[in-house]
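Participant:
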Amino acid sequence: MTRYAMVIDLNTCVGCNACMAACAMENQTPVWKDRWRTYVHDKEIGTAEEVHRRFFPRLCNHCDNPPCLTVCPTGATYQLDNGIVLVDDELCMGCRACAMACPYDARYEVTFADIERGRDFYGDLQRERPSMDKCTFCAHRLEQGLEPACVQTCVGSARMFGDLHDPEDPVARLVASGVARPLLSHLGTRPNVYYIGDLKRRG
Amino acid sequence: MDVTMTYATQDYWTWWIAVYLYLGGLGAATLTVTFLTDLYLKRHPCLVMWGAISGVVMLGLGSAMLFLHLLDHVAVFSVINPLVLFRKPDAWIAWGTQFIIWMMWWGVLYALPYMARSEAFLRLPLVGALLRMRWIAALARCCERYHKVVGWLATVNGIGTAVYTGLLLQSFPAVALWHNPGVPLLFTVSAFSTAMAYLLLVLHVVVRREEDHGLRVFYERLDLMLIAAELVILFSFFHYMRAGSESLYRSFELLWNDWGWLVGFIGFGLLVPFALELKGVLRGWGSRMPIVAASVLVLVGGYLLRHYFLAAGFYAHPW
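Which chain is which? The protein sequence lines are A and B, in order.
Here the first sequence stands for residues 276 to 478, numbered as in our numbering.
Here the second sequence stands for residues 397 to 715, numbered as in our numbering.
Written out as structure tokens, the structure reads:
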């Protein structure tokens, strides 16, 4: 069975934010209120001449043990067999418990007002109901044999997408080698987004 | 991987969820204490009616706060349906919603026989007509016959609701202040302490009967013990937070340097009422005002606890 995962190489992310733009257009996110399914943090680390600029992309980690799914009272948050965590807009009542539970700050509100605004902004809007939205790993694109929009558009090839259960997959190899590591693994969420660190290489 | 951490509080659940947690715990504990008093201490129709009505109103108001806060009010029906417990037994909001709904039903049913005999209720325009209906009268007789069963069903749901308010916060693993077994314990003790305070107010201000003196003293003693227990739990929290993770230590810095928490909640919400009630239990008071004041302070403190707890939860973001 496929187990989807993403590896993000912080060494090659140039902070162009093309992933954010591609995701926003693909998934019609409420960018007018600065809400994104994926976001690239721009951070300076260090002081004076020793300063490093780090671009840190983040998104839903599609955890194997997702706390957002556990706390969801309606069952709107659910998980596919391939590991992708999705939200059913029809079932979501927007209590925001998922946002409270998520350690990766991956949930955001889409309100009725956003849907109205979205119709003007995007034209043919795909959603009818409000919900606590999140990244889907572009599940609709995967069904068509395409990569997630953020992966396909990444100019530095910082984002890699693959199947953890395929030992020949480059993503699975990176994860198995220990080079790519998950965030906040001590929380027991078993995330499926992995990062290759940059600070050691930069000295 | 080396990460640089950012620590942040949240603005998803603010004061209105604090009101929901507060009124949920207070309302449920009020109903529970009232019914257990009526069942095992002293038959007290007046207290039952006051406890039941105010408890149900509190639960209703608290639930309204959560409901108003929702993004899609229509989708709430899937949680109101009891079958949600089979679909989502791992979600505490599902349990809490069912506890609250059933608590309200059992609360009304337990008080129904008393209301059906109460002249005051029978005189009320709509309520009186309802209570005189044949099927309501039959239902009241049935509830009277099985009042112990109804009382215990209410009690189980009441305790469930009080514990749930803490379990809900405990289910968020990202925040060290919330994700520990002390939270349900603290919230449950606080819920029952505020319920004692509320019932003391009722017995001192509304139902002022000489024959209830023993009951008032009993409630004061219980509240005293509950406040003491709350102080012990908070003392444990103080030490747990002081030497915990960075997220926890940020919460520690925020809470234990805040005058609203220290003076408002710990001082006026716990220590002052404790002193007033201790004096009342040991030597008595010449007037009812000190206990009334202590009760009001405990009630305000109960809200402050939840407000500050929600506000002080720190997330550790690895970016």
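For every residue, glycine included, the Cβ atom is placed at its ideal position computed from N, Cα and C.
Note that this is a predicted model, so its numbers are computed, not measured.
Could you list the residues in the segment 337 to 371 of chain A with a C-beta less than 8 angstroms from some C-beta on chain B, going in chain order?
Facilitator: 342, 345, 346, 347, 348, 349, 350, 351, 365, 366, 367, 368, 369, 370 and 371
Participant: How would you list, in chain order, the residues of chain A whose beta-carbon sits under 8 angstroms from the beta-carbon of residue 703 of chain B?
Facilitator: Position 307 of the second sequence, counting from 1, holds the residue named residue 703 of chain B. Within chain A, no residue comes near residue 703 of chain B; the closest Cβ sits about 16 angstroms away, beyond 8 angstroms.
Participant: On the CB-based measure, 16 or more other CB atoms within 10 Å of its CB, does residue 403 of chain B come out buried or exposed?
Facilitator: Residue numbering aside, residue 403 of chain B sits at position 7 when the second sequence is read from its first letter. Exposed, because fewer than 16 other Cβ atoms sit within 10 Å of the Cβ of residue 403 of chain B.
Participant: Please give me, in chain order, every unbroken run of the beta strand (DSSP E) with length at least 3 that falls completely inside the segment 481 to 516 of chain B.
Facilitator: none
Participant: Under 8 angstroms Cβ-Cβ, which residues of chain B neighbour residue 312 of chain A?
Facilitator: By one-based count along the first sequence, residue 312 of chain A stands at place 37. Near residue 312 of chain A there are no residues of chain B at all, since even the closest Cβ is about 16 angstroms away, more than 8 angstroms.
Participant: How many whole angstroms separate the CB atoms of residue 452 of chain B and residue 430 of chain B, which I take to be in contact at a CB cut-off of 8 angstroms?
Facilitator: The residue you call residue 452 of chain B lines up with position 56 of the second sequence. The residue you call residue 430 of chain B lines up with position 34 of the second sequence. Contact doesn't hold; Cβ gap of about 11 angstroms is too wide.
Participant: Can you grab the Cα-Cα spacing for the pair residue 602 of chain B / residue 425 of chain B, in whole Å?
Facilitator: Your numbering for residue 602 of chain B matches position 206 in the second sequence. Your numbering for residue 425 of chain B matches position 29 in the second sequence. Going from the Cα of residue 602 of chain B to the Cα of residue 425 of chain B covers about 19 angstroms.
Participant: With distance defined between alpha-carbon atoms, name the residue in A/428, A/297, A/434 and A/458 nearest to residue 281 of chain A.
Facilitator: Position 6 of the first sequence, counting from 1, holds the residue named residue 281 of chain A. Closest option to residue 281 of chain A, Cα to Cα, is A/434.
Participant: Please specify which runs of the beta strand (DSSP E), each continuous and at least 3 residues long, are wholly inside the segment 338 to 388 of chain A, giving them in chain order.
Facilitator: Within the segment 338 to 388 of chain A, the complete beta strand (DSSP E) runs of at least 3 residues are 352 to 354, 360 to 362 and 383 to 385.
Participant: Please state whether DSSP places residue 437 of chain A in a helix, a strand or coil.
Facilitator: Here the question's residue 437 of chain A lines up with position 162 in the first sequence. In the structure shown, residue 437 of chain A sits in a strand (DSSP, three-state: E or B).
Participant: Distance, Cα to Cα, residue 679 of chain B vs residue 590 of chain B?
Facilitator: Here residue 679 of chain B corresponds to residue number 283 of the second sequence, with the count starting at 1. Here residue 590 of chain B corresponds to residue number 194 of the second sequence, with the count starting at 1. Taking the straight line from one Cα to the other gives about 23 angstroms.
Participant: Are the Cβ atoms of residue 551 of chain B and residue 428 of chain B separated by less than 7 angstroms?
Facilitator: Against the second sequence, residue 551 of chain B aligns to sequence position 155. Against the second sequence, residue 428 of chain B aligns to sequence position 32. Yes. Within cutoff.
Participant: Look up residue 542 of chain B in the DSSP assignment and say whether it is helix, strand or coil.
Facilitator: Your numbering for residue 542 of chain B matches position 146 in the second sequence. Of the three classes helix, strand and coil, the one that applies to residue 542 of chain B here is coil, per DSSP.
Participant: Can you give the Cα-Cα distance for residue 511 of chain B and residue 540 of chain B, rounded to whole angstroms?
Facilitator: By 1-based counting over the second sequence, the position of residue 511 of chain B is 115. By 1-based counting over the second sequence, the position of residue 540 of chain B is 144. Taking the straight line joining both Cα atoms gives about 11 angstroms.
Participant: How would you list, in chain order, the residues of chain A whose beta-carbon sits under 9 angstroms from the beta-carbon of residue 489 of chain B?
Facilitator: As a first step, residue 489 of chain B is located in the second sequence; it is residue number 93 there, counting from the start. Correct list: 346, 347, 348, 349, 370 and 372.
Participant: Name the chain A residues that come within less than 9 angstroms of residue 595 of chain B, Cβ to Cβ?
Facilitator: If you number the second sequence from 1, residue 595 of chain B lands on position 199. Chain-order list of chain A residues neighbouring residue 595 of chain B: empty, with the shortest C-beta distance near 31 angstroms, by a criterion of under 9 angstroms.
Participant: Within 7 angstroms of any Cβ in chain A, is that where the Cβ of residue 714 of chain B sits?
Facilitator: What you label residue 714 of chain B is simply residue 318 of the second sequence in a count that begins at 1. Residue-level contact check: residue 714 of chain B touches chain A, since one or more beta carbons of chain A fall below 7 angstroms from its beta carbon.
Participant: When DSSP labels each residue in this structure, what does residue 519 of chain B get in the three-state scheme?
Facilitator: Sequence index remark: in the second sequence, residue 519 of chain B carries index 123 (1-based). Here DSSP, grouped into helix, strand and coil, assigns residue 519 of chain B to helix.
Participant: Considering only the beta carbon of each residue, do residue 677 of chain B and residue 622 of chain B sit closer than 7 angstroms?
Facilitator: Position 281 of the second sequence, counted from the first residue, corresponds to residue 677 of chain B. Position 226 of the second sequence, counted from the first residue, corresponds to residue 622 of chain B. Not in contact: residue 677 of chain B and residue 622 of chain B (Cβ atoms no closer than 7 angstroms).
Participant: Helix, strand or coil: how does DSSP classify residue 643 of chain B here?
Facilitator: For this step, residue 643 of chain B is matched to residue 247 along the second sequence. Residue 643 of chain B falls in the helix class under three-state DSSP.
Participant: Can we say the segment 405 to 413 of chain A touches the segment 602 to 612 of chain B, given the rule of at least three CB pairs closer than 8 angstroms?
Facilitator: no
Participant: Could you tell me the alpha carbon to alpha carbon distance between residue 529 of chain B and residue 520 of chain B, rounded to whole angstroms?
Facilitator: Position 133 of the second sequence holds residue 529 of chain B. Position 124 of the second sequence holds residue 520 of chain B. Going by C-alpha positions, residue 529 of chain B is about 14 angstroms away from residue 520 of chain B.
Participant: With distances taken between CB atoms, is the gap from residue 462 of chain A to residue 455 of chain A smaller than 7 angstroms?
Facilitator: Counted from its first residue, the first sequence places residue 462 of chain A at position 187. Counted from its first residue, the first sequence places residue 455 of chain A at position 180. Cβ distance not < 7 angstroms, so residue 462 of chain A and residue 455 of chain A don't count as in contact.
Participant: May I ask which residues mark the beginning and end of the beta strand (DSSP E) holding residue 485 of chain A?
Facilitator: Residue 485 of chain A cannot be examined here, being either before or after the span of chain A that is shown, 276 to 478.
Participant: By how many angstroms is the C-alpha of residue 279 of chain A removed from the C-alpha of residue 357 of chain A?
Facilitator: Along the first sequence, one-based indexing puts residue 357 of chain A at 82. Along the first sequence, one-based indexing puts residue 279 of chain A at 4. Approximately 6 angstroms between the Cα atoms of the pair.
Participant: Indicate whether residue 502 of chain B and residue 455 of chain B have their beta-carbon atoms separated by less than 7 angstroms.
Facilitator: Counted from its first residue, the second sequence places residue 502 of chain B at position 106. Counted from its first residue, the second sequence places residue 455 of chain B at position 59. The answer is no: Cβ separation not under 7 angstroms.
Participant: Closest to residue 723 of chain B by CA distance: which of B/630, B/672, B/556 and B/658 is it?
Facilitator: Lying outside 397 to 715, the shown extent of chain B, residue 723 of chain B is not represented and no answer is given.
Participant: Taking buried to mean at least 16 other C-beta atoms within 10 Å of its own C-beta, is residue 303 of chain A buried or exposed?
Facilitator: Residue numbering aside, residue 303 of chain A sits at position 28 when the first sequence is read from its first letter. The residue is buried, with at least 16 neighbouring Cβ atoms inside 10 Å.
Participant: For the pair the segment 339 to 359 of chain A and the segment 469 to 480 of chain B, tell me if three or more CB-CB distances fall below 8 angstroms.
Facilitator: The segment 339 to 359 of chain A vs the segment 469 to 480 of chain B: in contact.
Participant: Which of the three DSSP states, helix, strand or coil, is assigned to residue 577 of chain B?
Facilitator: Your numbering for residue 577 of chain B matches position 181 in the second sequence. Coil at residue 577 of chain B, not helix or strand.
Participant: Residues of chain B with CB closer than 9 angstroms to the CB of residue 304 of chain A, please, in chain order.
Facilitator: Here residue 304 of chain A is taken as the residue at index 29 of the first sequence, counted from 1. Correct list: empty, because the minimum Cβ distance to chain B is about 15 angstroms.
Participant: Does any CB atom of chain A fall closer than 7 angstroms to the CB of residue 521 of chain B?
Facilitator: Start at 1 with the first residue of the second sequence, and residue 521 of chain B comes out as number 125. Cβ-Cβ to chain A under 7 angstroms: no for residue 521 of chain B.
Participant: Less than 7 angstroms between CB atoms is the rule here; does residue 322 of chain A satisfy it with respect to chain B?
Facilitator: As a position in the first sequence, residue 322 of chain A is number 47, starting the count at 1. Chain B contact via Cβ: absent.
Participant: How do the segment 368 to 376 of chain A and the segment 405 to 414 of chain B stand: do at least 3 beta-carbon pairs fall below 8 angstroms, yes or no?
Facilitator: yes
Participant: With distances taken Cα to Cα, identify the nearest neighbour of residue 629 of chain B among B/578, B/699 and B/535.
Facilitator: Here residue 629 of chain B refers to the residue found at position 233 of the second sequence. Comparing Cα-Cα distances from residue 629 of chain B to each of B/578, B/699 and B/535, the minimum goes to B/578.
Participant: Closer than 7 angstroms by C-beta to residue 526 of chain B: which residues in its own chain qualify, once you throw out the five before and the five after it? Chain order, please.
Facilitator: Stepping through the second sequence from its first residue, residue 526 of chain B is reached at position 130. Closer than 7 angstroms at Cβ, skipping near neighbours: 532.
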